[in-house]
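There are 2 protein chains.
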Amino acid sequence: MRVVIARCSVDYDGRLSAHLPLATRLLMIKADGSVLVHSDGGSYKPLNWMSPPCSIAELAPDEDEAAEGVTAVWLVRHTKTDDRLRVRIHEVLSDTAHDLGVDPGLVKDGVEAHLQQLLAEHIHTLGAGYSLVRREFMTPIGPVDILCRDGAGVTVAVEIKRRGEIEGVEQLTRYLDLMNRDPQLAPVTGVFAAQQIKPQARTLAEDRGIRCVVLDYDELKGIDTSEHRLF
Amino acid sequence: MRVVIARCSVDYDGRLSAHLPLATRLLMIKADGSVLVHSDGGSYKPLNWMSPPCSIAELAPDEDEAAEGVTAVWLVRHTKTDDRLRVRIHEVLSDTAHDLGVDPGLVKDGVEAHLQQLLAEHIHTLGAGYSLVRREFMTPIGPVDILCRDGAGVTVAVEIKRRGEIEGVEQLTRYLDLMNRDPQLAPVTGVFAAQQIKPQARTLAEDRGIRCVVLDYDELKGIDTSEHRLF
DNA sequence: GTGTTAATTTCGGCT
DNA sequence: AGCCGAAGTTAACAC
Numbered sequence: 001m002r003v004v005i006a007r008c009s010v011d012y013d014g015r016l017s018a019h020l021p022l023a024t025r026l027l028m029i030k031a032d033g034s035v036l037v038h039s040d041g042g043s044y045k046p047l048n049w050m051s052p053p054c055s056i057a058e059l060a061p062d063e064d065e066a067a068e069g070v071t072a073v074w075l076v077r078h079t080k081t082d083d084r085l086r087v088r089i090h091e092v093l094s095d096t097a098h099d100l101g102v103d104p105g106l107v108k109d110g111v112e113a114h115l116q117q118l119l120a121e122h123i124h125t126l127g128a129g130y131s132l133v134r135r136e137f138m139t140p141i142g143p144v145d146i147l148c149r150d151g152a153g154v155t156v157a158v159e160i161k162r163r164g165e166i167e168g169v170e171q172l173t174r175y176l177d178l179m180n181r182d183p184q185l186a187p188v189t190g191v192f193a194a195q196q197i198k199p200q201a202r203t204l205a206e207d208r209g210i211r212c213v214v215l216d217y218d219e220l221k222g223i224d225t226s227e228h229r230l231f
Numbered sequence: 232m233r234v235v236i237a238r239c240s241v242d243y244d245g246r247l248s249a250h251l252p253l254a255t256r257l258l259m260i261k262a263d264g265s266v267l268v269h270s271d272g273g274s275y276k277p278l279n280w281m282s283p284p285c286s287i288a289e290l291a292p293d294e295d296e297a298a299e300g301v302t303a304v305w306l307v308r309h310t311k312t313d314d315r316l317r318v319r320i321h322e323v324l325s326d327t328a329h330d331l332g333v334d335p336g337l338v339k340d341g342v343e344a345h346l347q348q349l350l351a352e353h354i355h356t357l358g359a360g361y362s363l364v365r366r367e368f369m370t371p372i373g374p375v376d377i378l379c380r381d382g383a384g385v386t387v388a389v390e391i392k393r394r395g396e397i398e399g400v401e402q403l404t405r406y407l408d409l410m411n412r413d414p415q416l417a418p419v420t421g422v423f424a425a426q427q428i429k430p431q432a433r434t435l436a437e438d439r440g441i442r443c444v445v446l447d448y449d450e451l452k453g454i455d456t457s458e459h460r461l462f
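Protein sequences appear in the order of chains C and U.
For reference, each letter of the first sequence is one residue, going 1 to 231 in the numbering used here.
For reference, each letter of the second sequence is one residue, going 232 to 462 in the numbering used here.
And the structure:
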């Protein structure tokens, strides 16, 4: 990895056009040729960048650029699309390179898959008498997160999200439409379960007769803990 | 901005838990206290990070950590939530700091908002006699990009996208369903306008009686230019 | 390879 | 300040 601190201006042309006026920034050139332009604020997102696969060429400034004080031009081109990033270097304050090697990668815990597992293990969270049929119940248009039965024995399809938004309601609606056309399964009711449910998603869901349930991840984990304590 | 190249392991606990095994990485500490952990590949997204506002404390390693070769521990805590990032430094290969100043920021051109503005200004692009009612017409499930009337005075809802895909057609369909249930508004027809329209999206839209219009951003800008020339 | 879905999404605009 | 929708989204996973 090469790290350059430089006064520069940057222009991107591709899916949109964007321009960065002259300022001091950090330029990161990764081993795969990708380039990141970072300022001293914002967030983890660079001001501008070029994703791999891409190639970088260092050019001499043309006459106009030289007159404006440009000492070097980096032309970064995407290998497959015609996206391009032009970095005009005015002054290099630092330029270093390091061999980082291949990263072993990130290990995650606590994402939607875990919510699904926990709710399946404690399906009674949805109400008394609920029983699990199966997780990832396959349909021709994709897997239903959880299929279960309510206290009266009626089939219930559950869609789980960390954050419940309109798209999740649409997804569940597609499953319900399909399953209710299958005489083997019908009638099937729907539950939209999420850690947070946006008002618009709730409105849409309830308009379609889908019940909304707010999940508490820590509470579900807590049930695990207290049950484990019994043994 | 401080840039450190170091062999380190990283643990994040907050909205989820995540762990990075020992490896050589780039650590970026921005002026607002935020921390980014980058590897020499991937994309513009760091392997791990802490968003501002947050504070960073450099601690001495405890006994166990010291036995594993840890020479320093950075504890990065989010100021408002209880998210925390623990960076265990084993070896520092480089440690530099630079004053970058405040960045003037990115200037973008060609995003959906511009398309919407341009189409609203030149609504006759959709056909002779079209007139604008209003942009961002609010409904209980979200704003319709443009509401207008065609030459015959019939209300038309327009959904605008840079890239027209199935999800955009679904969105417009939801608005049309809702608006056509409102006797004050019905009947409402639909137009799906985008710079590019995917064949599947076009098929779905036309199957639902929604007209597809391909927008030419440069042409819409050109109308602006030529009209300005008249003055 | 193509399509679908999640993400510690981030970011901007508006109420 | 909260809510909503777009993003040069990127990335993982299924088919």
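Yeah, the Cβ is synthetic: ideal placement off N, Cα and C, and Gly gets one too.
CB of residue i within 7 angstroms of CB of residue j, strictly
i, j, result
"U:G395", "U:I428", "yes"
"C:R88", "C:D13", "no"
"U:A262", "C:D150", "no"
"C:T24", "U:L331", "yes"
"U:L306", "U:A291", "no"
"C:R7", "C:E65", "no"
"C:D109", "U:L247", "yes"
"U:G421", "U:A383", "no"
"U:S274", "C:S51", "yes"
"U:L349", "U:L451", "yes"
"C:T139", "C:L178", "yes"
"C:R134", "C:T173", "no"
Same chain, Cβ closer than 7 angstroms to residue i, five either side skipped, listed in chain order
i, result
"C:S55", "G33, R77 and T79"
"U:L435", "I397 and V400"
"U:L461", "Residue placement at U:L461 is flagged as unreliable, the pLDDT there being 44, under the threshold of 50; the coordinate-derived value follows with that caveat. Contacts found: none."
"U:P277", "L267, V268 and H269"
"C:L215", "L115, L119, A193, A194 and Q195"
"C:Q171", "E159"
"U:H329", "M232"
As assigned by DSSP and simplified to three states, the class of residue i
i, result
"C:H114", "helix"
"C:K161", "strand"
"C:Q184", "coil"
"U:R433", "helix"
"U:K339", "strand"
"C:E121", "helix"
"U:L461", "Low confidence applies to U:L461: its pLDDT is 44, below 50, so where it sits in the model is not reliable enough to give any reading."
"C:I56", "strand"
"U:V445", "strand"
"C:D64", "helix"
"U:I260", "strand"
"C:L126", "helix"
"C:V169", "helix"
"C:M138", "strand"
"U:M410", "helix"
"U:V268", "strand"
"U:L278", "coil"
Beta bridge counterpart(s) of residue i as assigned by DSSP
i, result
"U:T420", "U:V387"
"C:E91", "C:R7"
"U:D244", "U:S248 and U:R315"
"C:R174", "DSSP, once it has assigned bridges, lists no residue as partnering C:R174."
"U:R439", "In DSSP, U:R439 forms no bridge with anything."
"C:G222", "C:G222 is not bridged to any residue."
"C:Q196", "C:R163"
"U:S362", "U:R380"
"C:T96", "C:V3"
"C:L75", "C:A57 and C:R86"
"C:P143", "C:M138"
Contacts that residue i makes with chain U (C-beta to C-beta distance below 7 angstroms)
i, result
"C:V107", "A249 and H250"
"C:E170", "E401"
Residues near residue i by beta carbon distance below 8 angstroms, same chain, minus five either side
i, result
"U:G399", "E390, K392, F423, A425 and A432"
"C:P187", "V154, T155 and N180"
"U:P252", "S240"
"C:A128", "G151"
"C:P143", "E136 and F137"
Nonlocal neighbours in the same chain, by C-beta distance under 6 angstroms from residue i, ignoring five residues either side
i, result
"C:I29", "R2 and V35"
"C:I123", "Y130, L132 and C148"
"U:H250", "D242"
"U:I454", "H353"
"C:V4", "L27 and D95"
Partner residues on chain U for residue i, Cβ-Cβ distance less than 8 angstroms
i, result
"C:Q200", "P371, I372 and G373"
"C:D82", "Chain U residues near C:D82: none, gap ~15 angstroms exceeds 8 angstroms."
"C:P46", "Y275"
"C:R25", "L331 and D334"
"C:A31", "D271 and G272"
"C:G110", "R246, L247 and S248"
Under 9 angstroms by beta carbon: chain U residues contacting residue i
i, result
"C:L126", "Under the 9 angstroms cutoff, chain U gives no residues; its nearest Cβ is about 24 angstroms from C:L126."
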